[in-house]
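Residue numbering for the sequence shown is 91 to 483, as defined by the working numbering.
Even glycine gets a Cβ: it sits at the ideal position worked out from N, Cα and C.
What follows is one structure encoded as structure tokens, with my remarks underneath.
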Amino acid sequence: MQTLPLGTEPTVVSRPTLDVDRTMVGLDRAEISARLRDVGIPEKQLKMRTSQVWHWLYYRGVKSFDNMLNVSKDMREKLAEYFTIGRPEIIEAMVSKDGTRKWLMKFPDGNEVETVFIPDEAKDRGTLCISSQVGCTLTCKFCHTGTQRLVRNLTPAEIVMQFLVARDHLGEWPTPTGGRILSSVVMMGMGEPLYNFDNIKKALKIIMDDQGIALSRRRITLSTSGVVPEMKRCGEEINVNLAISLHAVNNAVRDEIMPINKKYPLEDLLAACRDYPGAKTSRRITFEYIMLKDINDSDEDARNLVRLLKQYDIPAKVNLIPFNPWPGSNYQRSDDKQIKRFSEYIFGAGISAPIRSPRGEDILAACGQLKSESEKMRKSELLKQQKSDGVIS
Ligand code: SAH
Ligand code: SF4
């Protein structure tokens, strides 16, 4: 495993070798075949050549065509002439005292995103938290990312790259056949994944493909603030685990802290959870619940949470997240005693409700603390984007 500096000092780790227009990362098999055809690879070789490229990209994790050893020299040269498989610039790589790692990646257009790896206690497994947008159009009041204006959706290549970069740094190539260090993925970084559905779907299909990275869909969780119309599609077309950023148990409080609730209120959200394809005891829906002092953390809130989950008959688990402060935030974390009480009440009602211990706080890598400096979208563009997303009318 590569050694990285501890603490918050920014470090330039690698220079970019990514060329967005020519990268082969993020393409599906049909697109790779079409590119190979375009540069003169004979029709009858296309399928085999596509499989070779796929293998080297996603099973071996090579960063240069030169390393595709079973591909003829002629073809390697041709591929290198027309395409790239390099990585984005890593402008910061940090390791928290607790082992959490954060990478700040910069794409050639200047936009930046953060990706976080959270090892578990034994350090032999861990979860990669992937971003789906640069910033976010939603403006949840407790979330740092929400203070950043959306610049744009990430492309499939940029989403897959976050995984490849983490694997490079963890030294986990080729794809292990047994246990993996990078053992699960959560779409819980910057942005709202269901506002970037098609790109997320394409990227996750690549990550799940059994000839490459082969991460099981059971080890992938997509978190949404509640974009109700896309939830059904997510279950049907991507079929990964679902997490909901719930954070409140009545519309008045949820409207106040999560503006999307005005568009898709709790009743609609919970009905969509109940109908989520495949939701059953073996695949429970996770409800994330930030503990905000005096806002959503009373005993009555705990009772209402249990009542709602039972009323809608949703196979559920609850993740209680103590609020993580960030510079300029206006909320306080609930008292430890109250968080424990809240958790015990829910457990007592037969629903799992562990308290998530904040990870990577010293490097601002904890939930809701991510924010990059890409704030280049003009106000008018932001309004247009919010209108098309339906956040405002
Ligand atoms: N936009 C999606 C995906 C981002 S997930 C969503 O909202 O679900 C990021 C998770 O961190 C969400 O559950 C979010 O509500 C939570 N979060 C945001 N700000 C936080 C904060 N300051 N402290 C703790 N958790 C936070
Ligand atoms: Fe966006 Fe999720 Fe943050 Fe809300 S919590 S602002 S939806 S990233």
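Near the ligand SAH: residue i beta-carbon under 6 Å from a heavy atom
i, result
"E378", "yes"
"I490", "Given a span of 91 to 483 for the chain in the structure shown, any question on residue 490 remains unanswerable."
"C324", "no"
"N394", "no"
"F287", "no"
"T314", "yes"
"E282", "yes"
"I249", "no"
"M278", "yes"
"F432", "no"
When the options are compared against residue i, the one with the closest alpha-carbon
i, options, result
"R397", "V339, L244 and E179", "V339"
"A212", "Q301, L272, M138 and R166", "L272"
"R373", "Q135, S222 and A406", "A406"
"A247", "P355, F232 and E121", "E121"
"K430", "I347, V143 and N409", "N409"
"F432", "M381, I404 and S447", "M381"
"M138", "Q301, P264 and Y435", "Q301"
"M278", "E167, I385 and S315", "S315"
"G216", "T190, C230 and T265", "T190"
"P264", "Q135, Y285, G151 and E451", "G151"
"I441", "S447, I404, N414 and M298", "I404"
"I328", "F197, D345, V343 and I310", "I310"
"I297", "L218, A361, V317 and T235", "L218"
"D387", "F413, Y366 and A362", "F413"
Any non-hydrogen atom of the ligand SF4 closer than 6 Å to residue i Cβ
i, result
"C219", "no"
"E327", "no"
"L260", "no"
"L228", "yes"
"T113", "no"
"T245", "no"
"G418", "no"
"G236", "yes"
"C363", "no"
Residues sharing a beta bridge with residue i, DSSP
i, result
"F377", "I334 and V408"
"T205", "W193"
"Q223", "N243"
"G216", "P209 and L272"
"T174", "T113"
Short Cβ contact (7 Å threshold) for residue i with residue j
i, j, result
"K192", "G176", "no"
"I411", "M184", "no"
"M195", "P178", "yes"
"Y421", "R364", "no"
"E320", "F287", "yes"
"T140", "S162", "no"
Hey, is the stretch 375 to 386 in contact with the stretch 332 to 347, meaning 3+ C-beta pairs nearer than 8 Å? The stretch 375 to 386 makes contact with the stretch 332 to 347: 3 or more CB pairs, one atom from each, lie closer than 8 Å.
When the Cβ atoms of the stretch 213 to 232 are set against those of the stretch 281 to 300, are three or more pairs found closer than 8 Å? The count of Cβ pairs closer than 8 Å, one atom from the stretch 213 to 232 and one from the stretch 281 to 300, reaches three, so the stretches are in contact.
With a cut-off of 8 Å, do at least 3 Cβ pairs link the stretch 249 to 257 to the stretch 292 to 301? Pairwise C-beta distances place the stretch 249 to 257 in contact with the stretch 292 to 301, as three or more of them are shorter than 8 Å.
For the structure I just gave you, are there three or more beta carbon pairs, one from the stretch 357 to 365 and one from the stretch 205 to 219, closer than 8 Å? Because the criterion of three Cβ pairs below 8 Å is not met, the stretch 357 to 365 and the stretch 205 to 219 do not touch.
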